[in-house]
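What follows is one structure encoded as structure tokens, with my remarks underneath.
2 protein chains.
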Amino acid sequence: MGGMSKERIAFIGTGVMGKSMAGHLLNAGYPVSVYNRTKSKTDDLVARGAEWREAPADAAADADVVITIVGFPQDVEETYFGAQGIFQTLESGALVIDMTTSSPLLAKRIAEEASKREIGSLDAPVSGGDMGAREARLSIMVGGEEADFERAKPLFEIMGKNIHLQGPAGSGQHTKMSNQIAIAAGMVSIAESLAYAKASGLDPKRVLKSIESGAAGSWSLSNLAPRALDGNYDPGFAVKHFIKDMGIAIESAEELGLVMPGLKLAKSLYDSVAADGGADDGTHALFRYYFEGNQG
Amino acid sequence: MGGMSKERIAFIGTGVMGKSMAGHLLNAGYPVSVYNRTKSKTDDLVARGAEWREAPADAAADADVVITIVGFPQDVEETYFGAQGIFQTLESGALVIDMTTSSPLLAKRIAEEASKREIGSLDAPVSGGDMGAREARLSIMVGGEEADFERAKPLFEIMGKNIHLQGPAGSGQHTKMSNQIAIAAGMVSIAESLAYAKASGLDPKRVLKSIESGAAGSWSLSNLAPRALDGNYDPGFAVKHFIKDMGIAIESAEELGLVMPGLKLAKSLYDSVAADGGADDGTHALFRYYFEGNQG
Numbered sequence: 616m617g618g619m620s621k622e623r624i625a626f627i628g629t630g631v632m633g634k635s636m637a638g639h640l641l642n643a644g645y646p647v648s649v650y651n652r653t654k655s656k657t658d659d660l661v662a663r664g665a666e667w668r669e670a671p672a673d674a675a676a677d678a679d680v681v682i683t684i685v686g687f688p689q690d691v692e693e694t695y696f697g698a699q700g701i702f703q704t705l706e707s708g709a710l711v712i713d714m715t716t717s718s719p720l721l722a723k724r725i726a727e728e729a730s731k732r733e734i735g736s737l738d739a740p741v742s743g744g745d746m747g748a749r750e751a752r753l754s755i756m757v758g759g760e761e762a763d764f765e766r767a768k769p770l771f772e773i774m775g776k777n778i779h780l781q782g783p784a785g786s787g788q789h790t791k792m793s794n795q796i797a798i799a800a801g802m803v804s805i806a807e808s809l810a811y812a813k814a815s816g817l818d819p820k821r822v823l824k825s826i827e828s829g830a831a832g833s834w835s836l837s838n839l840a841p842r843a844l845d846g847n848y849d850p851g852f853a854v855k856h857f858i859k860d861m862g863i864a865i866e867s868a869e870e871l872g873l874v875m876p877g878l879k880l881a882k883s884l885y886d887s888v889a890a891d892g893g894a895d896d897g898t899h900a901l902f903r904y905y906f907e908g909n910q911g
Numbered sequence: 616m617g618g619m620s621k622e623r624i625a626f627i628g629t630g631v632m633g634k635s636m637a638g639h640l641l642n643a644g645y646p647v648s649v650y651n652r653t654k655s656k657t658d659d660l661v662a663r664g665a666e667w668r669e670a671p672a673d674a675a676a677d678a679d680v681v682i683t684i685v686g687f688p689q690d691v692e693e694t695y696f697g698a699q700g701i702f703q704t705l706e707s708g709a710l711v712i713d714m715t716t717s718s719p720l721l722a723k724r725i726a727e728e729a730s731k732r733e734i735g736s737l738d739a740p741v742s743g744g745d746m747g748a749r750e751a752r753l754s755i756m757v758g759g760e761e762a763d764f765e766r767a768k769p770l771f772e773i774m775g776k777n778i779h780l781q782g783p784a785g786s787g788q789h790t791k792m793s794n795q796i797a798i799a800a801g802m803v804s805i806a807e808s809l810a811y812a813k814a815s816g817l818d819p820k821r822v823l824k825s826i827e828s829g830a831a832g833s834w835s836l837s838n839l840a841p842r843a844l845d846g847n848y849d850p851g852f853a854v855k856h857f858i859k860d861m862g863i864a865i866e867s868a869e870e871l872g873l874v875m876p877g878l879k880l881a882k883s884l885y886d887s888v889a890a891d892g893g894a895d896d897g898t899h900a901l902f903r904y905y906f907e908g909n910q911g
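Top to bottom, those sequences are chains W and V. So for the first sequence, our numbering puts the first residue at 616; every next one is plus one. So for the second sequence, our numbering puts the first residue at 616; every next one is plus one.
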């Protein structure tokens, strides 16, 4: 590993996010092996020089650094601890980086297991969505040891822009939860603001001109409200993924003894949006839900 | 009125906001008469050339344009319709502009009464706070007739920057309500995000570096969170005024048949902040309320 030659990367999880991220590493000249549950999603990367592997354990067998970005915490658990998991084959001296948005407790369990095997580990979830991944402008929120962070930094800098070590193992996930919590009830407030503007006979786009540059201003208001007002509910970030993240956040908050009425309200409204067929829409489908008068 | 000579302004309500706004009109060379319930709050303006009047009716008697920015809707009602109110003396051809954040229904009542008397009227609440007022950078959200808006525009441009006619009478107030609703549950989400960051052992200021430039970004996160983390709860915008505005918004939403769970949650949390002695603090006192674990 290191030295004059580039670290050998195993990249596990080549969905919308992972595919762009692994592509940037390939472009930067890193040797990359790939595994994904749906093999076809690795085809493009393989055509560009990545090497297909049959399982996480196979990908990890000769890797210096294993990067994972999969679906749910149970997928992360299987990827690391399963019968065909990373820890079956990965050798001491390697580094694992889980970039999935996942449970802080699971991040700590991975770090403990890695430590026993003299493997470095980081939890490093991202924000910035598919566009941030494509444009290599992700925010990367990292938990783990300083030395592992320094080792991973050249890779992070190929995939993202706003990169911070936030604390020990689990801190990347905790930071991502802080991010999602800051968004959650904020989306409710925008939904209610736009619904109010419509119901009171205003032109919501003109209202945005009055309010978006002031104290009501937010990324969501400027970026998602106009899309919803144009009737465009493409994700962006899908409702079903946001629900997953809020679920992890609620669980994690409860473990910390915190009461989160705003987060819980947002989660329950989004559950209804999903139940109404909006699971695959962008998170601004909540605004549509209000426009249609369903929030009662 | 108009022509080569400047319109004579009656300015009623010289609190933190009104004092700065009237001062800008004086600086621009307009003749200004002033009334305020607490007379001493007009002293500075009188020293700078404004003329003191004993009642709204006295101020309005020889005015071309009456500007009001007082406290609560009941104060607006008294100022316009009371025994010493503006409508007792104001002559036809004049223009009234209520810049108080007040009820949209009351704005319509004022417009109807003004119309009967051949007086023009605008509702024109502002956002931007004491600093926006001082620096003449207020957002001004206007409801009323186009001709009245054009007449008032030179005055608005002396006091603010982001000036939009939003629709007929009441539309300025409705826009301001949309603004406050967009803020309300958003403050809850930030409180919960920061409380989570603290409880999970993170450094909340470092968390801000990771999250404020992305999808969680907002004016409140970038401007109010750092103040709260420094233990500075000076207003800004005071809790008691925000509670007033949310009360108007809830009432107005109910009249429109809207269900607003996020707004109601925010209002109930802020009521508790006020009950705990935070009424005069800035709206970011909600974050302290969460830091102290009171949100249960």
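C-beta: ideal position from N, C-alpha, C; glycine also.
Which of the three DSSP states is assigned to residue 899/W in this structure? If DSSP states are grouped into helix, strand and coil, residue 899/W belongs with coil.
Could you check if residue 827/V is buried or exposed, using at least 16 other CB atoms within 10 Å of its CB as the buried criterion? Taking all protein chains shown into account, residue 827/V has 16 or more neighbouring C-beta atoms within 10 Å of its C-beta and is therefore buried.
Inter-residue Cα distance where the pair is residue 869/V and residue 705/V: The straight-line gap from Cα to Cα measures roughly 34 Å.
Residue 626/V: first and last residue of the uninterrupted beta strand (DSSP E) it sits in: That run of the beta strand (DSSP E) goes 624–627.
In chain W, what lies closer than 8 Å to residue 789/V by C-beta? Chain-ordered, the chain W residues with CB closer than 8 Å to the CB of residue 789/V read 811, 812, 815, 816 and 817.
For a contact meaning CB atoms closer than 8 Å, what does residue 719/V contact in chain W? Neighbours of residue 719/V on chain W, chain order: 815.
What is the residue span of the alpha helix (DSSP H) that residue 863/V lies within? Counting along the chain, the alpha helix (DSSP H) containing residue 863/V begins and ends at 854–870.
At a CB distance below 7 Å, what residues from the stretch 862–877 of chain V approach chain W? Give them in sequence order. Flagged, chain order: 868, 871, 873, 874, 875, 876 and 877.
Considering only DSSP beta bridges, list what residue 650/V is partnered with. DSSP, once it has assigned bridges, lists 627/V as partnering residue 650/V.
Where residue 733/W falls: helix, strand or coil (DSSP): Coil at residue 733/W, not helix or strand.
Per DSSP, which one or two residues make a beta bridge with residue 779/V? Listed as beta-bridge partners of residue 779/V by DSSP are 756/V.
Taking the alpha carbon of residue 730/W as the reference point, which residue from 719/W, 715/W, 711/W and 896/W has its own alpha carbon closest? Nearest C-alpha to residue 730/W: 711/W.
Between the stretch 772–797 of chain V and chain W, which residues of the former have a C-beta closer than 7 Å to a C-beta of the latter? Hits within the stretch, in order: 777, 779, 781, 782, 786, 789, 790, 792, 793, 794, 796 and 797.
Distance check for residue 849/W and residue 725/W, CA to CA, integer angstroms please. C-alpha separation (whole angstroms): 34 Å.
Alpha carbon to alpha carbon, how far is residue 720/V from residue 657/W? Give it in angstroms, no decimals. Across the structure, residue 657/W and residue 720/V are spaced so that their CA atoms are roughly 60 Å apart.
Closest to residue 639/W by CA distance: which of 660/W, 792/W and 654/W is it? Of 660/W, 792/W and 654/W, the residue nearest in Cα terms is 660/W.
Cα-Cα separation, residue 815/W to residue 851/V: So the two alpha carbons sit approximately 28 Å from each other.
For residue 836/V, would you say it is in contact with chain W, using Cβ-to-Cβ distances shorter than 8 Å as the test? At a cut-off of 8 Å between beta carbons, residue 836/V contacts chain W.
Where residue 892/W falls, given that 16 or more other Cβ within 10 Å makes a residue buried: It is exposed - the Cβ of residue 892/W has fewer than 16 other Cβ atoms within 10 Å.
Counting only Cβ-Cβ distances shorter than 7 Å, please list the residues of the stretch 750–763 of chain V near chain W, keeping chain order. Residues 754 and 756.
Residue-chain proximity (residue 825/W, chain V), Cβ-Cβ < 8 Å: Look at residue 825/W: its C-beta is under 8 Å from a C-beta on chain V.
Pull the bridge partners of residue 667/W from the DSSP assignment, please. For residue 667/W, the beta-bridge partners assigned by DSSP are 649/W.
In three-state DSSP terms, what is residue 620/W? The DSSP-derived three-state label of residue 620/W is coil.
Can you give me the start and stop residues for the alpha helix (DSSP H) that residue 691/V sits inside? From DSSP, the alpha helix (DSSP H) with residue 691/V extends over 688–696.
Considering Cα atoms alone, identify which of 895/W, 871/W, 857/W and 896/W is closest to residue 883/W. Shortest Cα-Cα distance from residue 883/W to any of 895/W, 871/W, 857/W and 896/W involves 857/W.
How is residue 685/V classed by DSSP in three states: helix, strand or coil? Residue 685/V: coil per DSSP, three-state reduction.
Same chain, Cβ closer than 8 Å to residue 732/W, five either side skipped, listed in chain order: Closer than 8 Å at the Cβ level, and outside the excluded window around residue 732/W, lie 702, 705 and 707.
Report the residue from 878/W, 873/W and 838/W whose alpha carbon sits nearest the alpha carbon of residue 897/W. Closest option to residue 897/W, Cα to Cα, is 838/W.
Comparing C-alpha positions only, which one of 779/V, 878/V and 735/V sits nearest to residue 819/W? Nearest neighbour of residue 819/W by Cα position, chosen from 779/V, 878/V and 735/V, turns out to be 779/V.
Whole angstroms is fine: what's the gap from residue 799/W's alpha carbon to residue 667/V's? One C-alpha to the other measures close to 50 Å.
Once the 5 residues before and after residue 764/V are set aside, which same chain residues still bring their CB inside 8 Å of it? Within the same chain, residue 764/V has close Cβ partners 737, 757 and 780.
Within 8 Å, strictly: CB atoms of residue 717/V and residue 688/V: Going by C-beta atoms, residue 717/V is nearer than 8 Å to residue 688/V.
Taking buried to mean at least 16 other C-beta atoms within 10 Å of its own C-beta, is residue 655/W buried or exposed? Around the beta carbon of residue 655/W, fewer than 16 other beta carbons sit within 10 angstroms, so the residue counts as exposed.
Run down chain B in chain order and give the residues with a C-beta less than 9 Å from the C-beta of residue 831/W. The chain labelled as chain B is not found among the protein chains of the depicted structure, namely W and V.
Examine chain W for any beta-carbon lying closer than 8 Å to the beta-carbon of residue 844/V, and answer yes or no. So no, residue 844/V is outside the interface.
Nonlocal neighbours in the same chain, by C-beta distance under 7 Å from residue 855/W, ignoring five residues either side: These residues qualify, in order along the chain: 889, 894 and 895.
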